[in-house]
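A.B. asks: Residue numbers (full-length UniProt numbering): 1 to 673. Yeah, the Cβ is synthetic: ideal placement off N, Cα and C, and Gly gets one too.
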Amino acid sequence: MARRARAAPPPLTARVLIVDDDERNAFAASEALEVLGHELVVARSGEEALRLLLTQEFAVILLDLHMPGMDGYETARLIREHPRTRDTPIVFVTAVFRDEAHIFQAYSVGAVDVVFKPVDPFILRSKVAILADLHLKTLEVRRQAEERHSLLEENARISEEKLAAELALRSARERQDAILKSLPVVFTSRASVHPYAALFVSDSITPLTGFEPNRFVEEPEIGLGRIHPDDVPGVLDCLMQASETGAYACEYRWQCADGQYRTFLDQGVWVPDEDGGQILGTLLDVTERRHLEEQLTQARKMEAVGQLTGGVAHDFNNLLTVVLGNADILLRRVEDDPRVVKHLGAIRAAAERGQTLTRQLLAFSRRQQLNPQVVDLNALILGFLPLLRQAVGEAVTIDLALWDEPLHASVDPTHLETALLNLAVNARDAMDNRGRLVLTTEVENGADGARSVLIRVSDTGSGMSAEVAERIFEPFYTTKDVGLGSGLGLSQVYGFVNQSGGQVTVTSTPGEGATFELVLPATDELPDATALPASRGDAERGSERVLIVEDDPAVLSLCLEMLSGLGYRCEVAADGDGALHRLSGDQRYDLLFSDVIMPGGMNGIQLARRAQALRPDLRVLLTSGYLGEAAQQGPHEFPVIDKPYERADLARRIRHVLSRKDVEDEARLRAEG
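1) Between which two residues does the alpha helix (DSSP H) holding Gly259 run?
2) Sorted by chain position, which residues of the same chain lie with C-beta nearer than 7 Å to Gly435's C-beta, five sequence neighbours on each side aside?
3) Between the region 9-20 and the region 63-76, can you find at least three pairs of beta-carbon atoms closer than 8 Å?
4) For Ala156, count neighbouring C-beta atoms within 10 Å of its own C-beta (all shown protein chains included) and say buried if the count is 16 or more, exposed if not.
5) On a CA-only basis, which of Val572, Val193, Asp177 is nearest Val201? Give me that one, please.
6) Hey, would you say Pro195 sits closer than 7 Å to Asp203, going by beta carbons?
7) From the DSSP output, in three-state form, read off Ile472 for me.
8) Return the CA-CA distance between Ala14 and Glu140, expressed in angstroms with no decimal places.
9) Hey, Asn378 and Leu344: beta-carbon distance below 7 Å or not?
10) Which residue marks the beginning of the alpha helix (DSSP H) containing Gln373, and which one marks its end?
11) Return yes when at least one heavy atom of the ligand NAP lies under 6 Å from the C-beta of Leu423, else no.
12) Do you know offhand how far Leu53's Cα is from Arg173's?
13) The alpha helix (DSSP H) spanning Leu421 covers which residue range?
14) Confirm, please, whether the CB-CB distance from Thr263 to Arg290 is below 7 Å.
15) With distances taken from CA atoms, which of Leu199, Ala242, Ser243 is nearest Ile222?
16) Do Ala409 and Val453 come within 7 Å of each other at the CB atom, strictly closer than that value?
17) Tell me which same chain residues have a C-beta within less than 6 Å of the C-beta of Ser189, skipping the five on either side of it?
18) How big is the Cα-Cα spacing for Glu274 and Ala164?
19) Between Thr440 and Leu292, what straight-line distance do the alpha-carbon atoms span, to the nearest angstrom?
20) Within 8 Å, do at least three Cβ pairs link the region 414-422 to the region 496-506?
21) Based on Cα-Cα distance, which residue from Ile398, Val96, Asp285 lies nearest to Pro118?
22) To the nearest angstrom, report how far apart Arg339 and Arg451 are at their CA atoms.
23) My output table needs one value for Glu221: the three-state DSSP class, helix, strand or coil.
24) Can you name the start and end residues of the alpha helix (DSSP H) that Ser108 belongs to?
25) Would Asp266 be called buried (16 or more neighbouring beta carbons within 10 Å of its own) or exposed?
26) Looking only at its own chain, which residues have a Cβ that is under 7 Å from the Cβ of Ala391, when we skip the five neighbours before and after it?
27) According to DSSP, simplified to helix, strand and coil, what is Phe496?
28) With H, G and I counted as helix, E and B as strand and the rest as coil, what does DSSP make of Ile654?
29) Considering only C-alpha positions, which residue in the set Leu136, Gly576, Glu550 is nearest to Ser624?
30) Among residues of its own chain, excluding the 5 on either side of Phe58, which ones have a beta-carbon nearer than 6 Å to its beta-carbon?
31) Expressed to the nearest angstrom, what Euclidean distance is found between the alpha-carbon atoms of Arg541 and Val504?
32) In this structure, how does DSSP classify Tyr73 when only helix, strand and coil are distinguished?
33) With three or more C-beta pairs closer than 8 Å as the rule, is the region 517-526 touching the region 574-584?
34) Rounded to whole angstroms, what is the Cα-Cα separation between Val232 and Asp429?
35) Pick helix, strand or coil for Glu293, following the three-state DSSP scheme.
36) Three or more beta-carbon pairs under 8 Å between the region 128-144 and the region 94-111, yes or no?
Have a look at this one:
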């Protein structure tokens, strides 16, 4: 190995430390020493000098004896105690301590000389020059020693490198073989003509396929013979083109020793030789990658469908609000005409079916309003069991395999019951109304330590193919005959579980039934035993003044008629700016009832906050076509009623919001009285 030429070393310089609290003395010393060309550093105290000595090397220290705080003696003693500075020459400079006792003390703490003030510049330069020159010679000797040591180390390094290179060359084959075996890649060499017999296959083929490498060399037909029949034509075309284009790449399914197909990416180059050439390539198992890609594609498809269905449900909810609301108003006005009541009842029933469909759409798109609470899944299933038995019929046996301890999760119990009902009805239909349905609950501990609770619903029905299983949660997808299902039941299950922070999966084989697994996050909280369902009484009335903000004229007209009919004094605005204009006037308002999404750049949440800034005592109730509208605006503190709403529901929510205001007003008056 050629030795590199060494660059000339940089010139050595000496650094002098002047320690004096008197700026004039320090300046005088600097003036006297400047001609020497050394670097001069001034410290105004012993403490500052010690800090400088910890980071810099000095040829000589000019140290004033008489300084406030730490004097020269103490400073010198500390300098001599530190391994880094104990050999640095110290010259004491003093105008006071001239007696022998002080001079003796100066030498005893490590001084090499003492200079008296006023200092003779010539004498000071001479003393510093000698000490600095000695320091530079010491540095030069040290540098030469370091260079010699460096040369010895370099020679040793070169010898070691030569020895290491010889050892590396000797073990290269072994290391290369070990690396090739550890890689998830198979290296191959095959003939360039049919049947493209293998000439070499690396050992890494065995853990991937279950076959030893020699099988491929000894049995030329095994390579092409175990490719999936549907993939063979494409592979042959790819290999034939290798000699023409110089490279190839193809992907195919190959049957392993256990009978299962795995997907391989086969790519390489054609190398000419005297025998007609070889095809050198690599095999990479991409089975899991393709599976993950399929899962990602499916998730993206479901998300896109969810966004579409959520938007459709939002618009449909506005229409249903108008239909249900007006039907409700008309029913109260024509109670004495049975024929009209019958037709209005049909309109209302159809609208309610539409409402059910939109709720299922919103469930799938994860934009429904959930009211999660801590529930014991075992207790919920046991309480819901009679309804499940009624739904599936007597010919279907329902068996339970419940965990022997309570399983707590924070979910919306009503939507969970709906999900279980949808799964049970789906299983009943798959079993032609007779068979066995098993509900199992378990605890599942994840790799990250997180606990989950699992609900498994298994049936003995007809099962489904992999293609059907991939689409089973899509809205409106159904394998039932026309009119026997909307295709939204399992979509509701998918949306509810995902919105609750869980996952739902299905495993099935045609003719062997299906198993759905609902995995939900567990909680250590306990159920609230005092929680009671809300009662549905008659529509509650009021007389407060309400500002209605709604951009849809039909919905606005309906709200106005509903609330006016309940006794409220109402005023309206089509957008946020119009509402703020009214709120800026002298008229008093008790409640702001606003849609979340409105034109004009200001949504209902922003309007509510600005309105309460103007009128802190104003109560707010928002309304939304779906949960996503409010959630997309970020967290907020305002109550929301979902569309479509009925007159009684709206009346009850308004009274609830206003009653909180009444309680606070009464408490404030009592405090003031």
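C.D. replies: Considering the structure as presented:
1) On the sequence shown, residue 259 is found 259 positions in, with the first residue counted as 1. Taken as a continuous stretch (DSSP letters only), Gly259 belongs to no alpha helix (DSSP H), as it is neither H nor E.
2) Translated into positions along the sequence shown, residue 435 becomes position 435. Within the same chain, Gly435 has close Cβ partners Val396, Asp459, Thr460, Gly461.
3) Judged by Cβ distances under 8 Å, the region 63-76 makes contact with the region 9-20, as three or more pairs qualify.
4) Along the sequence shown, read from residue 1 onward, the residue named residue 156 stands at position 156. Exposed, since its Cβ has fewer than 16 Cβ neighbours within 10 Å.
5) Your numbering for residue 201 matches position 201 in the sequence shown. Taking only the C-alpha atoms, the option nearest Val201 is Asp177.
6) Counted from its first residue, the sequence shown places residue 195 at position 195. Counted from its first residue, the sequence shown places residue 203 at position 203. Result no, Cβ atoms of Pro195 and Asp203 do not sit closer than 7 Å.
7) Start at 1 with the first residue of the sequence shown, and residue 472 comes out as number 472. Three-state result, Ile472: coil.
8) Taking the sequence shown and counting its residues from 1, the one referred to as residue 14 is at position 14. Taking the sequence shown and counting its residues from 1, the one referred to as residue 140 is at position 140. Cα atoms of Ala14 and Glu140: separation of roughly 11 Å, rounded to the nearest angstrom.
9) If you number the sequence shown from 1, residue 378 lands on position 378. If you number the sequence shown from 1, residue 344 lands on position 344. Taking the C-beta atoms as reference points, Leu344 is found no nearer than 7 Å to Asn378.
10) Position 373 of the sequence shown, counted from the first residue, corresponds to residue 373. Gln373 -> not in any alpha helix (DSSP H); beta strand (DSSP E) instead, spanning 373-376.
11) This structure simply doesn't include the ligand NAP, nor any ligand for that matter.
12) Your numbering for residue 53 matches position 53 in the sequence shown. Your numbering for residue 173 matches position 173 in the sequence shown. So the two alpha carbons sit approximately 56 Å from each other.
13) Translated into the one-based positions of the sequence shown, residue 421 becomes position 421. 413-430 is the span of the alpha helix (DSSP H), which, as asked, contains Leu421.
14) Locating residue 290 in the sequence shown gives position 290, counting from the first residue. Locating residue 263 in the sequence shown gives position 263, counting from the first residue. Yes, the pair counts as a contact, with Cβ atoms nearer than the cut-off.
15) The residue labelled residue 222 in the question sits at position 222 within the sequence shown. Checked all of Leu199, Ala242, Ser243; the closest Cα to Ile222 is Leu199.
16) Position 453 of the sequence shown, counted from the first residue, corresponds to residue 453. Position 409 of the sequence shown, counted from the first residue, corresponds to residue 409. Yes, they are a contact pair.
17) In the sequence shown, residue 189 corresponds to position 189, counting from 1. Excluding sequence neighbours, Ser189 sits near Leu199, Phe200, Gln278, Leu280.
18) Residue mapping note: residue 274 aligns to position 274 of the sequence shown, counting from 1. Residue mapping note: residue 164 aligns to position 164 of the sequence shown, counting from 1. Our two residues, Glu274 and Ala164, have alpha carbons roughly 38 Å apart in a direct line.
19) Numbered from 1 along the sequence shown, position 440 holds the residue referred to as residue 440. Numbered from 1 along the sequence shown, position 292 holds the residue referred to as residue 292. If you draw a straight line from the Cα of Thr440 to the Cα of Leu292, it is about 28 Å long.
20) The answer is yes - the region 414-422 touches the region 496-506, with three or more Cβ pairs under 8 Å.
21) Position 118 of the sequence shown holds residue 118. Residue Val96 holds the alpha-carbon nearest to the alpha-carbon of Pro118 among Ile398, Val96, Asp285.
22) Working through the sequence shown from its first residue, we reach residue 339 at position 339. Working through the sequence shown from its first residue, we reach residue 451 at position 451. In this model, Arg339 and Arg451 are separated by some 58 Å (Cα to Cα).
23) By 1-based counting over the sequence shown, the position of residue 221 is 221. It is coil, neither helix nor strand.
24) As a first step, residue 108 is located in the sequence shown; it is residue number 108 there, counting from the start. Judged by DSSP secondary structure, Ser108 falls within the alpha helix (DSSP H) whose first and last residues are 100-108.
25) The residue labelled residue 266 in the question sits at position 266 within the sequence shown. A residue is called buried when at least 16 other Cβ atoms come within 10 angstroms of its Cβ; Asp266 meets this threshold and is buried.
26) By 1-based counting over the sequence shown, the position of residue 391 is 391. Here Ala391 has Leu421, Ala424, Val425 as same chain residues with Cβ atoms under 7 Å from its own Cβ, once five neighbours each way along the sequence are excluded.
27) On the sequence shown, residue 496 is found 496 positions in, with the first residue counted as 1. It is helical.
28) Sequence index remark: in the sequence shown, residue 654 carries index 654 (1-based). Note: Ile654 maps to helix in three-state DSSP.
29) Looking up residue 624 in the sequence shown gives position 624. For the residues Leu136, Gly576, Glu550, the minimum Cα distance to Ser624 belongs to Glu550.
30) By 1-based counting over the sequence shown, the position of residue 58 is 58. Only Arg15, Leu17, Thr88 meet the Cβ criterion.
31) As a working mapping, residue 541 is identified with position 541 in the sequence shown. As a working mapping, residue 504 is identified with position 504 in the sequence shown. Distance between the alpha carbons of Arg541 and Val504: 44 Å.
32) For the purposes of this step, residue 73 is taken as residue 73 along the sequence shown, with counting starting at 1. Looking at Tyr73 - three-state DSSP - the assignment turns out to be helix.
33) Short answer: they don't touch.
34) For the purposes of this step, residue 232 is taken as residue 232 along the sequence shown, with counting starting at 1. For the purposes of this step, residue 429 is taken as residue 429 along the sequence shown, with counting starting at 1. Rounded to whole angstroms, Val232 to Asp429 spans 40 Å at the Cα level.
35) Within the sequence shown, numbered from 1, the residue matching residue 293 stands at position 293. Three-state result, Glu293: helix.
36) Flag = no, the region 128-144 and the region 94-111 do not touch.
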